[in-house]
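Reading through the structure tokens given below for one structure.
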């Protein structure tokens with residue numbers, strides 16, 4: 001399994017020279033089977049535009065799985081050229097919450113946007129996910145509900161029989177208790193998703209010092225992500241969903257704080273390509 005990190009920023013874009021190394025696009029991760037183009041996409045922030053470059057004008061055929069429906073995870077949908085293509089086949093999955101297509105049309109339709117989700121070119125199919133396991137594009141996908149403010153949110157564990165990648169882009173564990181270090185509970189769903197995985201991409205929007213004033217926005221701290229990864233025996237942790245004003249140098253400093261952690265800690269950066277395991 002190959003992982004392409006296409007967008008790493010949370011909440012909104014971060015353009016500018018001080019954001020070039022880690023990138024300013026919002027959340028999107030692409031997964032492929034060995035030697036193939038990506039066929040499973042996790043979230044559709046503006047980073048999904050990068051996915052089209054892998055197809056060189058050819059249509060995308062695969063699935064797009066949304067963790068939740070906030071703007072920074074959906075605004076790239078109409079700008080995904082390989083998906084908005086006459087020959088495409090896009091199966092879009094999202095946490096169940098009513099009529100899937102109608103919910104998406106509330107995100108993108110006049111007067112807010114000129115094109116509805118149902119008007120995208122190609123074959124777009126819309127599916128509601130409930131917690132549990134599913135086979136999507138030949139991957140085993142475990143979906144579990146995790147706490148995050150403002151709408152039903154899932155975390156995902158994706159396996160191909162040889163390795164596993166876990167995606168918890170937006171996660172607010174403090175609502176379930178302070179946990180062992182006051183940064184949030186290592187709750188059942190998080191531990192089940194993360195336990196023993198090869199690669200974890202985890203919400204790390206805030207520093208531990210910022211968390212008390214900002215936890216109500218619905219995100220995790222860097223220290224929580226590291227502590228969860230250590231407790232669950234993760235192989236490699238990518239701090240993800242960087243705060244929009246967080247500069248490259250500031251992310252470097254945060255990562256350096258965890259050089260002695262028992263898990264490999266890195267900052268997720270656009271353009272990363274990871275072979276798992």
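Residue numbers (this note's numbering): 1 to 277.
Even for Gly, the Cβ is constructed at its ideal location relative to N, Cα and C.
None of these values were measured; they are calculated from a predicted model.
Taking the CA atoms as reference points, residue 177 sits about 34 Å from residue 272. Cβ-Cβ separation between residue 10 and residue 219: approximately 7 Å, consistent with a contact (criterion under 8 Å). At the C-beta level, residue 44 and residue 69 stay beyond 8 Å of one another. Under the three-state reduction of DSSP, residue 188 is assigned to helix. By the Cβ-count criterion, residue 196 is exposed, with fewer than 16 other Cβ atoms from all chains shown falling within 10 Å of its own Cβ. Closest by C-alpha distance to residue 194, out of 217, 14, 117 and 144, is 144.
Around the C-beta of residue 97, fewer than 16 other C-beta atoms lie within 10 Å, and the residue is accordingly described as exposed. Going by beta carbons, residue 26 and residue 13 fall inside the 8 Å limit. Between residue 240 and the set 117, 102 and 22, the nearest pair of CA atoms involves 22. Shown here, residue 242 sits in a strand according to DSSP, grouped into three states. When the five nearest sequence neighbours on each side are left out, the beta carbons in the same chain lying within less than 8 Å of the beta carbon of residue 121 are those of 84, 85, 86 and 88, in order along the chain.
Cα atoms of residue 261 and residue 226: separation of roughly 8 Å, rounded to the nearest angstrom. Burial is judged here by how many other beta carbons sit within 10 angstroms of a residue's own beta carbon; residue 181 has fewer than 16 and is exposed. In the DSSP assignment, residue 212 falls outside any beta strand (DSSP E) and lies within the alpha helix (DSSP H) extending over 211-214.
Between the C-alpha atoms of residue 112 and residue 232 there is a straight-line separation of about 42 Å. Each residue's CA atom was taken as its position, placing residue 146 and residue 222 some 17 Å apart. In the displayed model, residue 95 falls within a strand according to three-state DSSP. Runs of beta strand (DSSP E) with 3 or more residues, each lying fully within the region 67-135, are found at 89-95 and 123-129, listed in chain order. Look at residue 174 here: in three-state DSSP terms it is helix.
The Cβ atoms of residue 268 and residue 5 sit closer than 8 Å to each other.
Sorting 94, 109 and 139 by C-alpha distance to the C-alpha of residue 129 places 94 at the top.
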